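Below is one structure, written out as C-alpha cells; comments come after it.
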Amino acid sequence: MPSVCSPNGQSPPRAFRPVRRPSPTPARLSFPTEARPVSRRKARRRALSLTSLIDVIFLLLLFFMLSSTFSRFAEVELTVGAAGDGGTADAAPLFLRLAPDTLSLNGELVALDALAGAFPDVEAEAPLVVLVSMAAGVTSQRLTDLLGVLRGVPGIAPTVLGS
1220 MPSVCSPNGQ SPPRAFRPVR RPSPTPARLS FPTEARPVSR RKARRRALSL TSLIDVIFLL
1280 LLFFMLSSTF SRFAEVELTV GAAGDGGTAD AAPLFLRLAP DTLSLNGELV ALDALAGAFP
1340 DVEAEAPLVV LVSMAAGVTS QRLTDLLGVL RGVPGIAPTV LGS
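In this text, residue positions in the sequence shown follow this note's numbering: the first is 1220, and each later residue adds one.
Listed below in C-alpha cells is the structure:
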C-alpha cells in the first residue's frame, strides 16, 4: 500500500489515516445455518418512555371532556301500578291505551298532539289518576313521548300498568 504523506513529508495524524478493510468474499457473506456465529451478547432493551403515552392520554381526556355535553337530560317521573289493597278514589280513573300507532283515552281515539286538551279540567286537591296500558310492540320512545305530554298537563298523575 502506498503511504499517504503530508506535504511536509510526515505521515498524517492517526485520525486521518485511511483504513484498509478487507474486501468481502462470498465465504464471509454467507454462513451455513449450522455454522452461523452466535452472539453472546444479550440484546439490551431500551426502557420505554412513558412521557409520550401520558401526553396522548391527556390529549384524549381533554378531547372527550370538551366534546361532551354536561347538560342534564330530561327526567320523566314514572309510577308503576302494583297490586295492593284497593283504596278509595275520589274520582274514577281515566284509562289511556297506548298502541304502536294509536292512542285511545277511555276508548276514544285521540292524537298525541291533542291529548293535553282531551282531559277534563281538574279542580280537586287530589290529582286525576290516569292509568296507562300499553299494547304489545310499543317502543320506549313512544312511551316517553306520551309521558312528556302528560307531564305538561296540570293535575294529572299517570300510572303505567305492567303486564
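Yeah, the Cβ is synthetic: ideal placement off N, Cα and C, and Gly gets one too.
All values derive from a computational prediction rather than experimental measurement.
- S1287 carries a coil assignment under DSSP once its states are collapsed to helix, strand and coil.
- With 16 or more other Cβ atoms inside 10 Å of its own Cβ, P1377 counts as buried.
- About 11 angstroms separates the Cβ atoms of L1331 and L1324, ruling out a contact at the 8 angstroms cut-off.
- By the neighbour-count criterion, in which a residue is buried when 16 or more other Cβ atoms sit within 10 angstroms of its Cβ, L1315 is buried.
- Annotated as distal: P1319 and V1379, with beta-carbon spacing of 9 angstroms or more.
- Where A1376 is concerned, the enclosing beta strand (DSSP E) starts and stops at I1375 to V1379.
- Counting along the chain, the unbroken alpha helix (DSSP H) around R1361 starts and ends at S1359 to R1370.
- The shortest C-alpha to C-alpha distance from P1346 to any of L1334, A1310 and S1352 is the one to A1310.
- Cα atoms of V1329 and E1344: separation of roughly 26 angstroms, rounded to the nearest angstrom.
- For F1338, the three-state secondary structure derived from DSSP is coil.
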